[in-house]
Each structure stands twice: as structure tokens, then as C-alpha cells.
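S.K.: Protein chains in written order, with the working numbering: chain A, 65 to 183; chain B, 42 to 154. Okay, here's the structure, questions in a sec.
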Amino acid sequence: AQKITQTQPGMFVQEKEAVTLDCTYDTSDPSYGLFWYKQPSSGEMIFLIYQGSYDQQNATEGRYSLNFQKARKSANLVISASQLGDSAMYFCAMRELPHSGAGSYQLTFGKGTKLSVIP
Amino acid sequence: DGGITQSPKYLFRKEGQNVTLSCEQNLNHDAMYWYRQDPGQGLRLIYYSQIVNDFQKGDIAEGYSVSREKKESFPLTVTSAQKNPTAFYLCASSIQGSNEKLFFGSGTQLSVL
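Written out as C-alpha cells, the structure is:
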């Protein structure tokens, strides 16, 4: 089963409007972290926002906010006041803690959503 | 400026040839990672390393090899055993910790001639 699911292969949004990119995740661990990255056509992955599983409030970073619904296991990214430069691929990712305390902290990524901002 | 440098940006491999992708970081991060990205897909983990002289296989390690002789460097070799090497390869690093984000390089596009 996929650990990270992004159900929207592509999205369109009018410039200056808000848009929500969906992400659901699957884990049985109580402690985990959720990340959103932006990948423009240049290829580099740019960190946008982070939400810890124990965080009481939704994370916000400028125009980005994360709508974290723990019971539903969803971590949707909300971009307010879209700009042309927001056109890119967006990836949701999860980091689970190793059970033993040792091991890696690698991220597991979803397949991404391609966002296109229309002038 | 601190960051991660990947080279080359584009690389071509002939049949039966091994090629090495470079990844250097000056962020003083302990952990480094290699991911593979295919068109329309997310990133899949190839190898990761938490400390010098130690590394572990990720989800798709077959046909790849790595070394970690220095903290700053984590080169990836795509061997002739990797039958479908055409992909975009991303190197990343992070501070060790549960909520530390990954910093990524700008990637290498590998194609087969």
C-alpha cells in the first residue's frame, strides 16, 4: 500500500486565487513528520512547510499553510494568493521514526501534483 | 553559500558502462541520500548514509553502488547491472533528527545512448 497518496495529477488555479493540494498518508506510528516540497522545471526540490504529528496547530509559512487532519490522515497544502511562479510540481512526503531509535530518517514521497497558475 | 552541488547536470551512458554521479555538500550534515525520479513519478530512495564509512540500501538499490569516505561527499555509481538507468537523480542531505528537512541538489539527468 502506498504510504503517501496525492490524488490530483494536475491542478489549475487562477492567479491571485487560493488552491488546495491534497495529500493523504498511511502510518501506524504515532510519531512522524509531514513535508511539502516544490519542484520547478529546473528540477531542484524546494522545501515549503513541515508538520509534526504532535503539533497542535497547523503549520504556516508565508503563503503556504498545511491543513492537518490527523484523524483523517490528511495533510493538504493550501497556497493563498497564487502567483505565476507557483507553477511547478508539488510533492508531499512523510518521515517516520525508526522503531529502535537507530536507522534512517529518509522521506517517502508521493507521486506529486502539477500545479499550473493561469494569468 | 552553503548547499549541495551535483555534477554533471547531464550525463550519458553507453551500454555496459559504469558512470558516477557526484554529490558534494558544505552544510556539515551527517546524513546524505540518493533518490531516483522517473517522469511523472515521485522520488524513490536508492541509498542513504548517516555517517562516514557507513551506508544502507534504500528501496531500489539494485544496480547502484555508493561510497562515503568523506562527510562532504556521497558519490553514486550507476553500474552496468542497472538495466533501466535513464532517470533524474537527486542527492540530498540533512541534519540527523526526526523533523529535519532534507536539502536537495539540483539533480543529474542520466540518459542511455
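The beta-carbon is built from N, C-alpha and C at its ideal position, and this holds for glycine as well.
Looking only at its own chain, which residues have a Cβ that is under 7 Å from the Cβ of Ala166/A, when we skip the five neighbours before and after it?
M.R.: Caution applies to Ala166/A, whose pLDDT of 49 falls short of 50 and renders its modelled position unreliable; the model cannot decide the point.
S.K.: Say whether the stretch 90-110 of chain A touches the stretch 113-123 of chain B, bearing in mind that this needs 3 or more beta-carbon pairs closer than 8 Å, one atom from each stretch.
M.R.: Contact fails between the stretch 90-110 of chain A and the stretch 113-123 of chain B, because fewer than three Cβ pairs, one in each stretch, are under 8 Å apart.
S.K.: In whole angstroms, what separates the C-alpha of Arg85/B from that of Phe173/A?
M.R.: 7 Å
S.K.: Do the CB positions of Met153/A and Lys137/A come within less than 7 Å of each other?
M.R.: no
S.K.: What residues are listed by DSSP as bridge partners for Lys112/B?
M.R.: Beta-bridge pairing links Lys112/B to no other residue.
S.K.: Check whether the stretch 86-98 of chain B touches the stretch 69-76 of chain B, taking contact to mean three or more Cβ pairs, one atom from each stretch, closer than 8 Å.
M.R.: Verdict: yes, contact present.
S.K.: Kindly say whether Gly165/A, judged by its beta-carbon, lies nearer than 7 Å to any beta-carbon of chain B.
M.R.: Residue placement at Gly165/A is poorly supported in this model, since its pLDDT is 49, which falls under 50; the coordinates still yield a value, given next. For Gly165/A, the answer is no, since every Cβ of chain B falls outside 7 Å of its Cβ.
S.K.: Between Gln82/B and chain A, is there a C-beta pair that is closer than 7 Å?
M.R.: yes
S.K.: Between Glu160/A, Cys87/A, Leu141/A and Gln78/A, which lies nearest to Ser129/A when the distance is taken from Cα to Cα?
M.R.: The closest CA to that of Ser129/A, considering only Glu160/A, Cys87/A, Leu141/A and Gln78/A, is found on Leu141/A.
S.K.: Under the DSSP definition of a beta bridge, which residues are partnered with Met73/B?
M.R.: Ser90/B and Ser134/B
S.K.: Can you give me the Cβ contacts of Gly104/B inside the same chain, cut-off strictly under 6 Å, excluding the 5 residues immediately before and after it?
M.R.: So the list reads Thr120, Ala122 and Gln123, once near-sequence residues are dropped.
S.K.: Return the residue from the list Ser63/B, Tyr76/B and Gly57/B that minimises the CA-CA distance to Leu143/B.
M.R.: When each option's Cα is compared against that of Leu143/B, the closest is Tyr76/B.
S.K.: Where does Asp95/B sit, in a helix, a strand or coil, going by DSSP?
M.R.: strand
S.K.: Does DSSP classify Gly107/A as helix, strand or coil?
M.R.: coil
S.K.: I'd like to know whether the C-beta of Phe145/B is nearer than 7 Å to at least one C-beta of chain A.
M.R.: True, the Cβ-Cβ gap to chain A drops below 7 Å.
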